[in-house]
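Input: a single structure, listed below in structure tokens.
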Amino acid sequence: MESAKSFLKQRWIPSLFVFGFLVVIAVNATLITFATKSFSGLVVEHPYKKGIEYTQMQQSLEGQKALHWKYRLSTESQPDGGLRLVLTWQDQAGLALSGLAIALEAERPVENMPAIQARMLEVAGGRYEAVLHLPRQGVWNIGIEAQREGQHFLAAERIVVK
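Heads up: the sequence shown begins at 8 in the working numbering, then just goes up one per residue.
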């Protein structure tokens, strides 16, 4: 009996290490199980298609640099609560760009709500306007797509509506 008690006293420290490793292994196994069941690893649906679209977008952006188009965006609050967006376009020589077909898309970066789309109308040589009725104040991302005679220009601006 005495030898059994002394044997247990001598073996409690290695048993403690073994028990500690078993706890670590159990916790890791639990975390691995939760991780593999909760996240599929898929960040975007149809990644190949998205990759091709990204490459096409990059090529389009490189092509639009050759156009040397310049624009300036300004905003004006309207009495009815709307927001007038004014875009002034110039070419490389500083001349007004007329005849553009411009589409806008306004999105909230912090809220999941549908985008608000609008077309801009040319009111003077190189000056285009649209009135948006945005449902909320705050930060909005404005996507701009301008086209003329097969030429495309994409831009993005961030505005704050007060």
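By construction, the Cβ of each residue, glycine as well, lies at the ideal position given by its N, Cα and C atoms.
Source: prediction; values computed, not measured.
Candidates the options: closest to residue i by CA position
| i | options | result |
| --- | --- | --- |
| Gln99 | Glu112, Ala73, Met120 and Pro116 | Ala73 |
| Phe160 | Glu69, Pro86 and Ala42 | Glu69 |
| Gln154 | Val93, Leu90, Ser81 and Leu107 | Leu107 |
| Ser5 | Leu92, Glu156, Gly88 and Gln71 | Not covered by the structure: residue 5. The range shown for the chain is 8 to 169. |
| Ser105 | Met127, Ala122 and Arg115 | Met127 |
| Tyr135 | Leu111, Gly157 and Gln158 | Leu111 |
| Leu139 | Glu164, Ile32, Val30 and Ile123 | Ile123 |
| Val51 | Ala42, Ala103, Tyr61 and Lys44 | Tyr61 |
| Trp147 | Lys169, Glu156, Gln158 and Gly157 | Lys169 |
Alpha-carbon to alpha-carbon, residue j and residue i
| i | j | result |
| --- | --- | --- |
| His53 | Gly27 | 44 angstroms |
| Phe24 | Asn35 | 17 angstroms |
| Arg143 | Asp87 | 14 angstroms |
| Ala125 | Gly101 | 26 angstroms |
Neighbourhood of residue i by C-beta, 7 angstroms cutoff - its chain only, sequence neighbours within 5 removed
| i | result |
| --- | --- |
| Val130 | Glu136 |
| Thr95 | Tyr78, Arg79, Gly133 and Arg134 |
| Gln71 | His159, Phe160 and Leu161 |
Runs of alpha helix (DSSP H) lying entirely within the stretch 70–128, each at least 4 residues, in chain order = Listed in chain order, nothing qualifies, since the stretch 70–128 has no complete alpha helix (DSSP H) run of 4 or more residues.
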